[in-house]
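Asks: These protein sequence lines are chains G and L, in that order.
413 is the number of the first residue of the first sequence in our numbering; add one for each residue after it.
1234 is the number of the first residue of the second sequence in our numbering; add one for each residue after it.
Questions regarding the structure given below will be posed in turn.
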Amino acid sequence: SQTIHQWPATLVQPVGSPLSLECTVEGTSNPNLYWYRQAAGRGLQLLFYSVGIGQISSEVPQNLSASRPQDRQFILSSKKLLLSDSGFYLCAFRAYGTHDNEQFFGPGTRLTVL
Amino acid sequence: GNSVTQMEGPVTLSEEAFLTINCTYTATGYPSLFWYVQYPGEGLQLLLKATKADDKGSNKGFEATYRKETTSFHLEKGSVQVSDSAVYFCALSDRYSGAGSYQLTFGKGTKLSVIP
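Rendered as structure tokens:
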């Protein structure tokens, strides 16, 4: 079966510190991968998506970056966190060849920047 | 471009009440439509989907019908429970979105609270 993992589950970081959030997918090959952010009380904002290893598209200019070093691994990073980076970060995948394009989400990472 | 509009709520209902959450969409192609549910502190779960006009998606007592003539996909449940308290997101995917990204377009979410 297909599963998606994210870690850490929660993170508290000071302003200006680096960030690395990891997402891995199991049970499928060549998935599309997505990073979303959900600010408190607000909807979903697509940050990055990837259609293959090393291929990253950014939807919103910001101080975050993403990388896909392996087929089923997606990493969200920052060199220096801002207060505005606080939020709930969700990773999602679309299985290769899916006709209906549904995405499946991980459990999320709650990031608090102080 | 594509867009999804849903009632923002919050919606508060008593247990066993009837639920409707409205969702309308704008799409340039032939979208698939989805409802996702997010329980407190968790990620989104796919609740149901419909892929063509007049399809009805259903799961866990929830239903939604793909109405192309009214560009709507309203979520309904006949008798809600306290455990249904969550945020509900309507979304669409245009199968012909560019560059193979297969992005989903989400509504802003509707928070449902069910009280005993």
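Ideal Cβ placement from N, Cα and C applies to all residues, glycine included.
Only a predicted model underlies this, so the values are computations on that prediction, with no experimental measurement involved.
Taking Y1299 (chain L) as part of the beta strand (DSSP E), name the residues at either end of that continuous run.
Replies: Taken as a continuous stretch (DSSP letters only), Y1299 (chain L) belongs to no beta strand (DSSP E), as it is neither H nor E.
Asks: Return the Cβ separation of V1315 (chain L) and E1248 (chain L) in integer angstroms, given the expectation that the two are a contact with Cβ distance under 8 angstroms.
Replies: Right, the Cβ-Cβ distance comes to about 6 angstroms (below 8 angstroms), so this counts as a contact.
Asks: For R506 (chain G), which residues does DSSP report across the bridge?
Replies: Paired residues: G:N444.
Asks: State the Cα-Cα distance for the pair L1279 (chain L) and Q515 (chain G), rounded to the nearest angstrom.
Replies: Cα to Cα, the separation comes out at about 8 angstroms.
Asks: Would you kindly work out how many angstroms separate the C-alpha atoms of E1241 (chain L) and K1344 (chain L), rounded to a whole number?
Replies: Their backbone Cα atoms lie some 7 angstroms apart in a straight line.
Asks: Only counting the same chain, and skipping five residues up and downstream in sequence, which positions put a Cβ closer than 6 angstroms to that of Q1239 (chain L)?
Replies: Cβ within range, chain order: C1256, C1323, G1340 and T1343.
Asks: By the three-class DSSP mapping on this structure, what secondary structure does S496 (chain G) have?
Replies: Three-state DSSP puts S496 (chain G) in a helix.
Asks: Comparing C-alpha positions only, which one of L:D1317, L:L1246 and L:T1304 sits nearest to Y1263 (chain L)?
Replies: The shortest Cα separation from Y1263 (chain L) among L:D1317, L:L1246 and L:T1304 belongs to L:T1304.
Asks: Please classify W419 (chain G) as buried or exposed, where buried requires at least 16 other C-beta atoms within 10 Å of its C-beta.
Replies: By the 10 Å Cβ count, W419 (chain G) comes out exposed.
Asks: What does L1281 (chain L) reach in chain G if we use C-beta pairs closer than 8 angstroms?
Replies: In chain order: nothing, as chain G lies at least about 10 angstroms away.
Asks: Report the residues of the segment 461-486 of chain G with a CB closer than 8 angstroms to any CB of chain L, ordered along the chain.
Replies: Per Cβ criterion, the list reads Y461, V463 and S469.
Asks: Residue range of the beta strand (DSSP E) that T1258 (chain L) falls in?
Replies: Residue 1258 (chain L) is actually Tyr in this sequence, not Thr. Residues C1256 to T1259.
Asks: What three-state label does DSSP hand V1315 (chain L) in the structure shown?
Replies: Residue state, collapsed to three classes: helix.
Asks: Only counting the same chain, and skipping five residues up and downstream in sequence, which positions put a Cβ closer than 6 angstroms to that of T440 (chain G)?
Replies: Taken in chain order, the residues that qualify are Q414 and A507.
Asks: Give me the residue from G:E471, G:S496, G:F505 and G:N513 with the minimum Cα distance to L523 (chain G).
Replies: Looking at the Cα atoms, G:S496 is the closest of the given residues.
Asks: Since I believe A421 (chain G) is in contact with T521 (chain G) (beta carbons under 8 angstroms), could you give me their beta-carbon distance rounded to a whole number of angstroms?
Replies: Confirmed, Cβ separation roughly 6 angstroms.
Asks: Measuring only between beta-carbons, confirm whether F505 (chain G) sits less than 8 angstroms from chain L.
Replies: For F505 (chain G), the answer is no, since every Cβ of chain L falls outside 8 angstroms of its Cβ.
Asks: Starting from the beta carbon of P519 (chain G), find every residue of chain A whose beta carbon is closer than 7 angstroms, and list them in chain order.
Replies: As a matter of chain content, chain A is missing from the structure shown, whose protein chains are G and L.
Asks: Going by DSSP, which residues form a beta bridge with A1283 (chain L)?
Replies: Bridge partners of A1283 (chain L): L:L1266.
Asks: Exposed or buried, what is N444 (chain G) when buried is set at 16 or more other beta-carbons lying within 10 Å of its beta-carbon?
Replies: That one is buried.
Asks: I'd like to know if Q515 (chain G) contacts chain L, where contact means its C-beta is closer than 8 angstroms to some C-beta of that chain.
Replies: By this cut-off, Q515 (chain G) is an interface position.
Asks: Under 8 angstroms, Cβ to Cβ, is there at least one residue of chain G near F1306 (chain L)?
Replies: Cβ-Cβ to chain G under 8 angstroms: no for F1306 (chain L).
Asks: Quick test of your reading: Y501 (chain G) and R454 (chain G), contact by CB under 8 angstroms. State the CB separation rounded to the nearest angstrom.
Replies: Their Cβ separation, rounded to whole angstroms, is 13 angstroms, which puts Y501 (chain G) and R454 (chain G) out of contact at 8 angstroms.
Asks: Hey, out of L:K1285, L:E1309, L:S1318 and L:S1236, whose CA is closest to F1251 (chain L)'s CA?
Replies: Checked all of L:K1285, L:E1309, L:S1318 and L:S1236; the closest Cα to F1251 (chain L) is L:E1309.
Asks: Quick one: what's got a C-beta closer than 7 angstroms to V525 (chain G)'s C-beta in the same chain, skipping five residues either side?
Replies: Cβ neighbours of V525 (chain G) beyond the five flanking positions: Q425, V427, L493, L494, L495, D497 and S498.
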